[in-house]
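Novice:
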Amino acid sequence: MAQSLMVVATEPEAGKSILSLALYDQFERHGARVNYFKAVGLPDSAGADPDVRFLHRTLKMQRPLEDLTAMTGAEVTELVTHGRYDEVLDKILEAHSRLAEDCDVVLCEGVDSSRAFPTLASDINIDIAKNIGATVLLVASAHGRTVDEVVESTLLVRNQLRERGADVVGVLINRVPERAHGEFADEARRQLRREDLRVFGVMPALTALSSPRIVDVVATLHAEVLAGDKHLETRIGGVFVAAMGLENALSYITDGGLIITPGDREEILLAAGATYACKNAARPSGVVLTGGFEPRRKVMSLVRDLCAGRLPILRVSVPTYETAIAVHAIRPTLGDGQDDKVIAIREAMEEYVDVEELLGNRFTARERVLTPKRFLRSLRDRARAHKQTIVLPEGNVDRILQATDVLRRQDIVDVVLIGDEAELRKYAAQLGVTLDSGVTIVNSATDAHYEEYVATLLELRKHKGLPEDMARDLMTDRTYFGTMMVYKNRAQGMVSGSTTTTQATLRPAFEFVKTRPGIRHVSSVFLMCLPDRVLVYGDCAVIPNPTPEQLADIATASAATAAAFDLEPRVAMLSYSTGASGQGEDVEAVREATRLVRERAPDLLIEGPIQYDAAVDPDVARTKLPNSQVAGRANVFIFPDLNTGNNTYKAVQRSAGAIAIGPILQGLNKPVNDLSRGATVTDIVNTVIVTAIQAQSLQESQ
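Those letters in the sequence shown? Residues 12 to 713, per this note's numbering, in order.
Take a look at the structure:
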């Protein structure tokens, strides 16, 4: 029977939803199968509780969204009004029981009882916890409160729960001011220890969770975006109303500050744009033009040129004073595309909470499964154990800078960014990113190794008659320069492609990094992280119509990639036929490729041709290939062509909710990997980690 942990806030806005996300994540990382449950949802206009919807999407939960709540607040109120409270509890217990059937832990989020149901004689959380047999974890907020106030309110809720028979395991204290975090934590632990209440963690107030972004301003003010639509995720570091003359206003512009000014004050707008053209000027995060005025076309064109499109410019119809009040009242919300918030809370959970003590023996998995989060955590630990240096040539891209910040804070790899140092540091500051230890910024045009790299490129490409002036131009290209850094062992790998085409990313790697001995063709794989296993799919991105020899190369390289990631390779050479049952040109190509692999690597477990169902389903395997060591338990799948592989990986990714890491290029002498143009911060971090492990594996094999 599944265990249940219920997160109950001691006061409103304690952050229980975001902490529930972090706890869910930790359960999965420890190998437990977990379901999330919020007994009473408070749906918005879209028909679902916004916090539940956010967790469902962010955590890629397999259960349908509607299964995660039992009732709405309105339904509870209706039944309570008619004296049918027992029916409320019955419905909640029934919904919880369904979730408990197929998991180890049900993580339950409590209700803001006093606000939602003020007419109830007691806290509904107590009755829910008792009915579903949940252990209660309290969450207290220190925002605007002293240690004594936090302790008092926490003990009050703990005692109420205990008096009614609920099992309270301890408390997490959240939103502690960072400047007083250490002193606050020590005193809170001392006082609560005396009252026999365990403090599992004291979390500081996180900037990523408390600072609004330009996109929050757009949503709250229903603002029209006139420029900078690709930079709406920029965080706001303060608000400045520019109602004075230009000379006086200039002294109030700060890095990350939001300027609010009447729309006809074109000189203020021009000054804001000009800050982006100056290396030493403070740069605002955005400009809100009030009163419904729109600057003249030529002015807007000049501003866009000055800031290279990086300055978000918004227009609202309301006056300046009302706009300023509305902006100051904005509270950051949880929503899609907020990787930085999710990463920040996960990092804080690991740094400030004693997760091992909290989970303890009380919440353990019936069986350890290789969940995506466990797999990714193991990769992160491996990358950190033998740190590599990875080049990210697209240093001027916000997602790359945010990913760099994550990699730096978690001490996973050393990062080299390519670009102008002053420019990148200023842009990073705008995003709230710190580029300090573990991050090096290199300007390809002024780097001390530039002449050496030009000479090396000329030597490597002399058989192609590369002119010197072209070699010099190529070495100012960030991608070529970054690849040369890898070739010259100044870095161990490179990741690019967030704004660069695949062809531009890979061309220099093909030209002079070249393939490893014994591998004639570069191919790719995706690591497909399913809820309970990790599979390797190849080739889904590079070779369109592989010959038998190329298929053999793909299979050999894919097996080596699987082994590099601690997966014992069992290779399935996929076809529309299994064993000797089918004939045809395509089947014969797979059969020949399988023969070649067995000849090259006689110890490798491989089966082919084989259909996908026979490769993964033990029951089908017993019927079609009863004596196979691979059938029914394959974990490396080689597709007969790019069309099949690409469509299959996307179908599995979307339909099964799998995390697809890749494409991971294999076969090169040094690892170079391509990002998709839509790669998120998390995608970039994962790809860098994978690249680092590839580099480690190549070093170990030499």
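We treat Cβ as the ideally placed atom computed from N, Cα and C, and that holds for glycine.
#1: Just mark Lys681 as buried or exposed, buried being the case when its beta carbon has 16 or more other beta carbons within 10 Å.
#2: Would Phe48 and Val117 qualify as a contact pair, given that the criterion is a beta-carbon distance under 8 Å?
#3: Are three or more beta carbon pairs between the region 526-546 and the region 645-657 nearer than 8 Å?
#4: Among Gly643, Ala25, Asp159 and Ala612, which has the Cα closest to the Cα of Ala625?
#5: Taking DSSP as the reference, what is the three-state secondary structure of Phe48?
#6: Closest to Gln413 by CA distance: which of Val696, Ala43, Pro555 and Cys114 is it?
#7: Hey, which unbroken runs of the alpha helix (DSSP H) at 4 residues or more fall wholly within the region 195-281?
#8: Answer with buried or exposed for Tyr494, where buried requires no fewer than 16 other C-beta atoms within 10 angstroms of its C-beta.
#9: Buried or exposed for Ala288, please, with buried defined as at least 16 other CB atoms from any protein chain shown within 10 angstroms of its CB.
#10: Is it buried or exposed for Ser588, if we count other Cβ within 10 angstroms and need 16 for buried?
#11: Work out the CA separation of Thr487 and Leu469 for me, nearest whole Å.
#12: Between the Cα of Ser28 and those of Gly249, Gly268 and Leu66, spot the shortest distance and give me the residue it belongs to.
#13: Classify Asp597 as helix, strand or coil using the three-state DSSP reduction.
#14: Check this for me: beta carbons of Asn454 and Gly430, under 8 Å apart or not?
#15: Give me the residue from Gly595, Thr511, Glu596 and Arg606 with the minimum Cα distance to Ala583.
#16: Please state whether DSSP places Asn684 in a helix, a strand or coil.
#17: Am I right that Ser15 and Ile225 are in contact with their C-beta atoms under 8 Å? What's the rounded C-beta distance?
#18: For a minimum of 4 consecutive residues, which ranges assigned as the alpha helix (DSSP H) are wholly contained in the region 304-364?
#19: Considering Pro674, what are the terminal residues of the alpha helix (DSSP H) in which it resides?
#20: Give me the Cα-Cα distance between Lys352 and Leu243, rounded to the nearest whole angstrom.
#21: Arg419 and Glu358: beta carbons closer than 8 Å?
#22: Determine the extent of the beta strand (DSSP E) in which Met17 is found, giving its start and end residues.
#23: Where does Met496 sit, in a helix, a strand or coil, going by DSSP?
#24: Thinking C-alpha only, which one of Pro188, Phe195, Arg246 and Ile137 is nearest Val3?
#25: Closest to Val408 by CA distance: which of Arg489, Gly449 and Ser509 is it?
#26: Between the Cα of Met17 and the Cα atoms of Arg246, Pro223, Thr698 and Leu183, which residue gives the shortest distance?
#27: Between Val298 and Leu281, which are expected to be in contact by the criterion C-beta below 8 Å, what is the C-beta distance as a whole number of angstroms?
#28: DSSP has Met505 in a bridge; who is on the other side?
#29: Check Tyr491 in the structure and name its three-state DSSP category.
#30: Which stretch, first to last residue, makes up the alpha helix (DSSP H) that contains Ile423?
#31: Could you tell me whether the Cβ of Glu206 comes closer than 8 Å to any Cβ of chain C?
#32: Short of 6 Å in beta carbon distance, which residues of its chain neighbour Arg377, apart from the five on each side in sequence? Order them along the chain.
#33: So within the region 418-482, which uninterrupted alpha helix (DSSP H) runs reach at least 4 residues, ignoring any that extend past its ends?
#34: Could you spell out the range, first to last residue, of the alpha helix (DSSP H) harbouring Asp630?
#35: Considering Glu160, what are the terminal residues of the alpha helix (DSSP H) in which it resides?
#36: Look up Leu183 in the DSSP assignment and give the residues it is bridged to.
Specialist: Here's the rundown:
#1: Taking all protein chains shown into account, Lys681 has 16 or more neighbouring C-beta atoms within 10 Å of its C-beta and is therefore buried.
#2: A Cβ-Cβ contact shorter than 8 Å links Phe48 with Val117.
#3: The region 526-546 is in contact with the region 645-657.
#4: The option with the nearest alpha carbon to Ala625 is Gly643.
#5: Shown here, Phe48 sits in a strand according to DSSP, grouped into three states.
#6: Checking every option, the nearest Cα to that of Gln413 belongs to Val696.
#7: Segments of the alpha helix (DSSP H) lying fully in the region 195-281: 218-221, 225-232 and 257-261.
#8: A small correction: the amino acid at residue 494 is Thr; Tyr does not occupy that position in the sequence shown. The residue in question, Thr494, is buried, as its Cβ has 16 or more Cβ neighbours within 10 Å.
#9: When all chains shown are included, Ala288 counts as exposed.
#10: Result: buried.
#11: A straight-line Cα-Cα distance of about 14 Å links Leu469 and Thr487.
#12: For Ser28, the nearest C-alpha among the options comes from Leu66.
#13: In this structure, Asp597 counts as helix in the three-state DSSP scheme.
#14: In contact: Asn454 and Gly430 (Cβ atoms closer than 8 Å).
#15: Here the closest residue by C-alpha is Arg606.
#16: Correct three-state label for Asn684: strand.
#17: Not really, about 40 Å apart at Cβ, beyond 8 Å.
#18: 308-318, 331-339 and 350-363, all fully within the region 304-364.
#19: Run containing Pro674: none in the alpha helix (DSSP H); it sits in the beta strand (DSSP E), Ile670 to Gln677.
#20: If you take the alpha carbons of Lys352 and Leu243, they lie about 15 Å apart.
#21: Their beta carbons are not under 8 Å apart, which means Arg419 does not touch Glu358 by this criterion.
#22: Run containing Met17: Gln14 to Ala20, per the beta strand (DSSP E) assignment.
#23: When secondary structure is reduced to three states using DSSP, Met496 falls in the helix class.
#24: Beyond the ends of the chain as shown, which are 12 and 713, falls residue 3; an answer cannot be given.
#25: When each option's Cα is compared against that of Val408, the closest is Ser509.
#26: Looking at the Cα atoms, Leu183 is the closest of the given residues.
#27: Rounded, the Cβ-Cβ distance is 10 Å, inconsistent with contact.
#28: Beta-bridge partners of Met505 (DSSP): Val402 and Val683.
#29: Reduced to three states, the DSSP call for Tyr491 is helix.
#30: Per DSSP, Ile423 belongs to no alpha helix (DSSP H) and is neither H nor E.
#31: Among the chains of the structure shown, chain C does not appear; only one protein chain is present.
#32: With a pLDDT of 47 at Arg377, under the threshold of 50, the modelled position of that residue is not reliable, and the figure given next carries that caveat. Non-local beta-carbon contacts of Arg377 in its own chain, meaning distances under 6 Å to residues more than five positions away in sequence, involve Asp115 in chain order.
#33: Complete alpha helix (DSSP H) runs here, min 4: 432-441 and 461-471.
#34: Pro629 to Lys635 is the span of the alpha helix (DSSP H), which, as asked, contains Asp630.
#35: Its alpha helix (DSSP H) spans residues Val158 to Glu174.
#36: For Leu183, which the question treats as bridged, DSSP gives the partners Val150 and Gly212.
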